[in-house]
Structure formats: C-alpha cells, structure tokens
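>
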Amino acid sequence: MVNAGIARTFQNIRLFNSMTVLENVMVGLDRASRYSLLEAALHIGRYFPAERAAKAKAMAIPEDIGIAHFAHMQATNLSYGNQRKVEIARALATAPKLLLLDEPAAGMNPKETEDLAELIFRMRHDYQLSVLLIEHDMPFVNRLCERVMVLEYGKPLFSGLMAEAIQHPDVISAYLGEANYA
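Residue numbering for the sequence shown follows full-length UniProt numbering, starting at 1 and increasing by one per position.
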C-alpha cells in the first residue's frame with residue numbers, strides 16, 4: 001500500500017505507546033532507509049547520516065501539524081486528540097498521495113474535532129493529498145468534503161456533492177433526521 005502512495009489511519013488509534021512522538025513518526029520513514037541491516041546493527045557506514053536526515057524530516061511533520069512540543073514525550077502520555085495527530089503524522093511521513101482516514105473524529109470532543117477538521121483541510125493543500133474519509137460525524141464531513149458517497153448497510157445510497165447529499169431525502173432519512181447540517 002505504501003509503495004502505491006497510499007497511507008491510512010485506523011478508527012482505533014494504533015501507536016507504539018512506549019515510543020516517543022518523534023520515534024512514532026520515524027516509523028513512517030522506515031521504508032526510505034538507505035542503509036543495510038548490518039550498518040544499522042553495527043551503527044556504521046550510512047547509518048548515522050541517514051538517521052540524522054530521518055530525524056530532521058520526522059521533526060518537520062509534527063511542527064507542521066502543531067505537536068512538535070510533544071516530540072520527546074511518550075505517545076501514551078498524550079491526550080486522545082494529540083494521539084490521533086501523531087497517527088496522522090506517521091502516515092504523512094510515508095509521503096502518500098492518498099490518505100485514508102477511518103473515522104478520525106471518533107471519540108473526540110467538539111474542540112478536538114474542530115482542530116482535526118482544520119488540520120485535515122490544511123494537510124490536503126500543504127501535502128498535496130487526496131483524502132478518503134470514512135466518517136459518521138456529518139457536520140465534520142460537511143466541513144471537509146466536496147464530494148461524498150453515502151452507504152447504507154454497505155450499499156451506495158447517494159453519490160455526489162455534499163451540498164446535495166444533505167438535501168437528499170434518502171440520506172436525511174438514513175443518517176440526518178430533521179436537523180439542518182448545511
């Protein structure tokens with residue numbers, strides 16, 4: 001998947017909790033390593049220059065998304081919202097063209113959700129990404145998406161512009177109720 005330019009995050013955050021934020025992001029850079037297993041094991045040859053370059057690159061991503069001040073903290077000590085940002089930072093480290101986000105707002109409070117929406121919107125432009133979002137939080141989706149596909153029990157219910165989706169009777173019946181999300 002990574003070699004095809006695709007990265008993903010999961011609904012349930014999957015971090016290396018005993019590792020720091022920086023180390024978690026560096027995991028995303030692992031496929032770009034330019035040294036041999038022997039050089040890594042013995043810390044010789046290209047290992048140190050490559051690791052310095054990887055650290056610099058890995059640090060740039062948390063700076064971009066506003067979590068650089070947590071770089072040397074263990075991931076387990078972060079708030080849920082910041083753990084989500086670390087997971088996204090690690091995905092960005094793979095330099096994807098397509099980022100798949102599986103319910104990124106799940107379990108977040110309204111402030112974290114708002115911050116995440118701003119981050120995803122900015123990432124699309126800053127990293128020149130296409131984003132495929134799987135999400136049930138309709139106001140969150142409305143804020144981010146131009147085009148949507150709405151599924152009901154795994155079958156397409158609607159495909160088109162978000163502005164049309166929130167007015168479509170089948171979508172309203174299945175997901176929105178009578179609230180106005182426009």
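The C-beta atom is built at its ideal place from N, Cα and C for all residues, glycine as well.
Does DSSP put S173 in a helix, a strand or coil?
Helix, per DSSP.
> Since F10 is in the alpha helix (DSSP H), which residue starts that stretch and which ends it?
Where F10 is concerned, there is no enclosing alpha helix (DSSP H), given that its DSSP letter is neither H nor E.
> Are N24 and A75 close, meaning C-beta to C-beta below 8 angstroms?
Cβ distance < 8 angstroms, so N24 and A75 count as in contact.
> Taking the CB atoms as reference points, tell me whether L132 and M123 lie closer together than 8 angstroms.
Going by C-beta atoms, L132 is not nearer than 8 angstroms to M123.
> What's the C-alpha gap between D126 and E63?
Roughly 13 angstroms separates the two Cα atoms.
> Quickly, what does DSSP pair I134 with across the bridge? List them, please.
Partner(s): D102.
> Per DSSP, which residues does Q74 bridge with? Please list them.
DSSP output for Q74 lists T20 as bridge partner(s).
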